[in-house]
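Chains as they are written, first to last, in the working numbering: chain A, 53 to 312; chain B, 392 to 693. Idealized CB from N, CA, C, for every residue including glycine. Here the structure comes first, spelled out in structure tokens, and everything after it is commentary.
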């Protein structure tokens, strides 16, 4: 087997994120490998979600937020002056902490995003394929016209994954996608992630260290540091190294539960 | 064995007092409504009971002249519908656009500056609106559409009524739009939706029940509004759908007739109650229709 150098989709360079004058995340340098799952872990309030939301420019909706440094997607700076955030979000999809399907039918939940993204093909086919990819088709195929709110929380979350897949992004961001779900639904989402990484690059924020250890290939450990108490990435490496042989004492304390 | 603490029931006077006061307040408002309906019904019954009046005449006639035995309600109903429709055609698109701007586009600073200004509109007395219609809007319409616009006309009254209702529509709609959870907007944006697609296709349908309520209250106000139409729409029943002509609405007619020297229990006097009952019915039917429409198209979240 030939050992190709890893292909990086997203690279951050000295990325710092501000809310007004408050430095929320400081100097992150990160290489996200293509078609792998990268987990971002760390204690509450250390800027994991802020970092994740920088990747698809969701922080733009916080009026006072801005970034310094660069996030490069295949060499293009996502915060360049001529970049359209709407286009960025079409390539970098997102699944949120709490399932947030649209108050439309199951079918429309998937069709809507495809339609606004200019999809011209066979919509029925796209809906079916997306639902199959999200391992939801068999459960919903007889009630596509029903409201998405009739589904269980776990099903809703898989629907949210399905609608993200339907717009064919390259990267899927997941912000604690299973934290509002029961263990069985959580397991299904985790299994689904393993299938999705055949085609997509996944970045997941999680509170749950077992989850990070189970699902991810790489792990970024974040922590509040310095006098300004801003979030910093203190360690980034292969997941098995983070959990078995961390370089940083703080990482070791955190992953072994001795933190704080 | 004595329990270590006392868990038995004790009277809570304040609690039961408040409860009965609240109950009383609720009963009072229901009673008032019922009493009004009763009085309207009773007097209207006398009206329909008089030998000159028949249901066929009332609902079939297009002339309202009680003095010569003409009791067709239609001219009053059509002018009410024409002025109210014009008012809604003005206030709904403008109010909804303003609400969308305030809730989805405006920065918090702009919003806090604009909202009070819009609400000033709601504080203007309707008689001022009435003269505004007569002395400003009518000449304006005459300039644009020429001679065909009469001095008293339904168009100017309707437009100005729309301006009066606008703050109500916009502020209620804005509340409904703002109440849509942020997570839905985020979901839409994360799918690569633009601001316009998000507000129009995700936020607005989710807020439709609130927007519908605004519409219902707006149309009820338009149908019931008296002063503007009494001043500017015309003083005489006229069966027409031409908005540039003068025509008296149900409310305008009641105001004009009841202001004169009416003898108690005359046919004119009783007819007022029949018109009032009709007004009540029109409002009720419009409410029911709008509720149906809203229920059909709204998108429920949770």
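(1) Find out if the Cβ-Cβ distance for the pair residue 636 of chain B, residue 545 of chain B is shorter than 8 Å.
(2) To which residues of the same chain is residue 188 of chain A closer than 7 Å at the C-beta, ignoring the five residues directly before and after it?
(3) What are the partner residues of residue 65 of chain A, as DSSP defines its beta bridges?
(4) Ignoring anything shorter than 4 residues, give me the alpha helix (DSSP H) runs that lie fully in the segment 531-587 of chain B, in order along the chain.
(5) Assuming contact is defined by CB atoms lying nearer than 8 Å, are residue 434 of chain B and residue 460 of chain B in contact in what I supplied?
(6) Under a three-way DSSP split, which group does residue 592 of chain B fall into?
(7) State the DSSP-derived secondary structure class of residue 282 of chain A, mapped to helix, strand or coil.
(8) Alpha carbon to alpha carbon, how far is residue 557 of chain B from residue 604 of chain B? Give it in angstroms, no decimals.
(9) In chain order, what residues of the same chain have a beta carbon less than 6 Å from the beta carbon of residue 105 of chain A, not counting five sequence neighbours either side?
(10) Please return the same chain residues whose Cβ sits closer than 6 Å to the Cβ of residue 62 of chain A, not counting the five positions on each side in sequence.
(11) Which residues does DSSP list as the beta-bridge partners of residue 224 of chain A?
(12) Could you have a look at residue 277 of chain A and say whether DSSP puts it in helix, strand or coil?
(13) Three-state secondary structure (DSSP) at residue 80 of chain A?
(14) If we ignore side chains and look at the alpha-carbon of each, how far apart do residue 165 of chain A and residue 607 of chain B end up?
(15) DSSP state of residue 259 of chain A, grouped into three classes?
(16) Listing by chain order, which chain B residues have their CB less than 7 Å from the CB of residue 117 of chain A?
(17) Classify residue 687 of chain B as buried or exposed, calling it buried when 16 or more other Cβ atoms lie within 10 Å of its own Cβ.
(18) Taking residue 585 of chain B as the query, report the chain A residues whose CB atoms sit under 7 Å from its CB, ordered along the chain.
(19) Exposed or buried, which one is residue 655 of chain B when buried takes at least 16 other CB atoms within 10 Å?
(20) Using the three-state DSSP reduction, which class does residue 464 of chain B fall into: helix, strand or coil?
(21) Report buried or exposed for residue 301 of chain A, applying the criterion of at least 16 other Cβ atoms within 10 angstroms of its Cβ.
(22) By a C-beta neighbour count over all protein chains shown, 10 Å radius and 16 as the cutoff for buried, is residue 438 of chain B buried or exposed?
(23) Can you tell me whether residue 174 of chain A is buried or exposed? The criterion is at least 16 other CB atoms within 10 Å of its CB, across all chains shown.
(24) Whose CA, out of B/668, B/692 and B/679, lies closest to the CA of residue 424 of chain B?
(25) Pick out whichever of B/677, B/562 and B/617 has its Cα sitting closest to the Cα of residue 486 of chain B.
(26) Have a look at residue 312 of chain A and residue 276 of chain A and give me their C-alpha separation to the nearest angstrom.
(27) Assuming residue 622 of chain B contacts residue 521 of chain B under a Cβ cut-off of 8 Å, what Cβ separation, rounded to an integer in Å, is found between them?
(28) In three-state terms, what does DSSP make of residue 300 of chain A?
(29) Buried or exposed, going by whether 16 or more other CB atoms sit within 10 Å of the CB of residue 142 of chain A?
(30) Counting only beta-carbon atoms, is residue 575 of chain B nearer than 8 Å to chain A?
(31) Tell me which residues of the segment 496-520 of chain B have at least one Cβ-Cβ distance to chain A shorter than 9 Å, keeping chain order.
(32) In whole angstroms, give me the CA-to-CA distance for residue 616 of chain B and residue 516 of chain B.
(33) To the nearest angstrom, report how far apart residue 413 of chain B and residue 675 of chain B are at their CA atoms.
(34) Please identify the residue among A/249, A/255, A/250 and A/222 whose C-alpha is closest to the C-alpha of residue 317 of chain A.
(35) I need the boundaries of the alpha helix (DSSP H) containing residue 497 of chain B, first residue and last residue.
(36) Between residue 312 of chain A and chain B, is the shortest Cβ-Cβ distance under 8 Å, so that the two count as touching?
Quick look at the numbers:
(1) Mapped onto the second chain, residue 636 of chain B falls at position 245. Mapped onto the second chain, residue 545 of chain B falls at position 154. It is a contact, given that the beta carbons lie within the stated cut-off.
(2) Within the first chain, residue 188 of chain A is the residue found at index 136, counting from 1. The residues are 207, 210, 211 and 214.
(3) As a first step, residue 65 of chain A is located in the first chain; it is residue number 13 there, counting from the start. A/122.
(4) 545-569 and 573-581
(5) By 1-based counting over the second chain, the position of residue 434 of chain B is 43. By 1-based counting over the second chain, the position of residue 460 of chain B is 69. No; because the gap between Cβ atoms is not below 8 Å, this pair is not in contact.
(6) Translated into the one-based positions of the second chain, residue 592 of chain B becomes position 201. If DSSP states are grouped into helix, strand and coil, residue 592 of chain B belongs with the helices.
(7) Counted from its first residue, the first chain places residue 282 of chain A at position 230. Note: residue 282 of chain A maps to strand in three-state DSSP.
(8) Looking up residue 604 of chain B in the second chain gives position 213. Looking up residue 557 of chain B in the second chain gives position 166. Answer to the nearest angstrom: the Cα atoms are 14 Å apart.
(9) Taking the first residue of the first chain as 1, we reach residue 105 of chain A at position 53. Excluding positions up to five away in sequence, the list reads 111.
(10) On the first chain, residue 62 of chain A is found 10 positions in, with the first residue counted as 1. Taken in chain order, the residues that qualify are 84 and 125.
(11) If you number the first chain from 1, residue 224 of chain A lands on position 172. Note: residue 224 of chain A sits in a beta bridge opposite A/145 and A/254.
(12) Reading the first chain from its first residue, position 225 is the one you call residue 277 of chain A. Residue state, collapsed to three classes: strand.
(13) Position 28 of the first chain holds residue 80 of chain A. Looking at residue 80 of chain A - three-state DSSP - the assignment turns out to be strand.
(14) One-based indexing of the first chain puts residue 165 of chain A at position 113. One-based indexing of the second chain puts residue 607 of chain B at position 216. Between residue 165 of chain A and residue 607 of chain B, the C-alpha separation is close to 32 Å.
(15) Translated into positions along the first chain, residue 259 of chain A becomes position 207. Here residue 259 of chain A sits in coil by DSSP.
(16) By 1-based counting over the first chain, the position of residue 117 of chain A is 65. Per Cβ cutoff of 7 Å: no residues; residue 117 of chain A is ~14 Å from chain B at best.
(17) Along the second chain, read from residue 1 onward, the residue named residue 687 of chain B stands at position 296. With fewer than 16 other Cβ atoms within 10 Å, it is exposed.
(18) For the purposes of this step, residue 585 of chain B is identified with residue 194 of the second chain, where counting begins at 1. Residues of chain A passing the Cβ test: 138.
(19) Translated into the one-based positions of the second chain, residue 655 of chain B becomes position 264. When all chains shown are included, residue 655 of chain B counts as exposed.
(20) For the purposes of this step, residue 464 of chain B is identified with residue 73 of the second chain, where counting begins at 1. It is coil, neither helix nor strand.
(21) Within the first chain, the letter at position 249 stands for residue 301 of chain A. Classification of residue 301 of chain A: exposed, given that the 10 Å Cβ count is below 16.
(22) As a position in the second chain, residue 438 of chain B is number 47, starting the count at 1. Buried, since its Cβ has 16 or more Cβ neighbours within 10 Å.
(23) Counting from 1 along the first chain, the entry for residue 174 of chain A is found at position 122. That one is exposed.
(24) Residue numbering aside, residue 424 of chain B sits at position 33 when the second chain is read from its first letter. Of B/668, B/692 and B/679, the residue nearest in Cα terms is B/668.
(25) One-based indexing of the second chain puts residue 486 of chain B at position 95. Nearest of B/677, B/562 and B/617 to residue 486 of chain B, Cα basis: B/562.
(26) On the first chain, residue 312 of chain A is found 260 positions in, with the first residue counted as 1. On the first chain, residue 276 of chain A is found 224 positions in, with the first residue counted as 1. Because the pLDDT at residue 312 of chain A is just 46, under 50, the model does not fix this residue reliably, and the value given afterwards should be weighed accordingly. Each residue's Cα considered, the two are about 12 Å apart.
(27) Residue 622 of chain B sits at position 231 when you count from the first residue of the second chain. Residue 521 of chain B sits at position 130 when you count from the first residue of the second chain. Rounded, the Cβ-Cβ distance is 3 Å, consistent with contact.
(28) As a working note, residue 300 of chain A is residue 248 in the first chain. It is coil, neither helix nor strand.
(29) By 1-based counting over the first chain, the position of residue 142 of chain A is 90. Answer is buried; the Cβ neighbour count reaches 16.
(30) Translated into the one-based positions of the second chain, residue 575 of chain B becomes position 184. At least one chain A Cβ lies under 8 Å of residue 575 of chain B.
(31) 498 and 499
(32) Position 225 of the second chain, counting from 1, holds the residue named residue 616 of chain B. Position 125 of the second chain, counting from 1, holds the residue named residue 516 of chain B. So the alpha carbons of these two residues sit roughly 12 Å apart.
(33) Walking along the second chain from the start, residue 413 of chain B turns up at place 22. Walking along the second chain from the start, residue 675 of chain B turns up at place 284. Cα-Cα distance, rounded: 27 Å.
(34) Any answer about residue 317 of chain A is impossible in this case: the structure gives chain A only from 53 up to 312.
(35) Here residue 497 of chain B is taken as the residue at index 106 of the second chain, counted from 1. Looking at the DSSP string, residue 497 of chain B is not in any alpha helix (DSSP H), and its letter there is neither H nor E.
(36) In the first chain, counting from the first residue as 1, residue 312 of chain A sits at position 260. Residue placement at residue 312 of chain A is poorly supported in this model, since its pLDDT is 46, which falls under 50; the coordinates still yield a value, given next. Not an interface residue.
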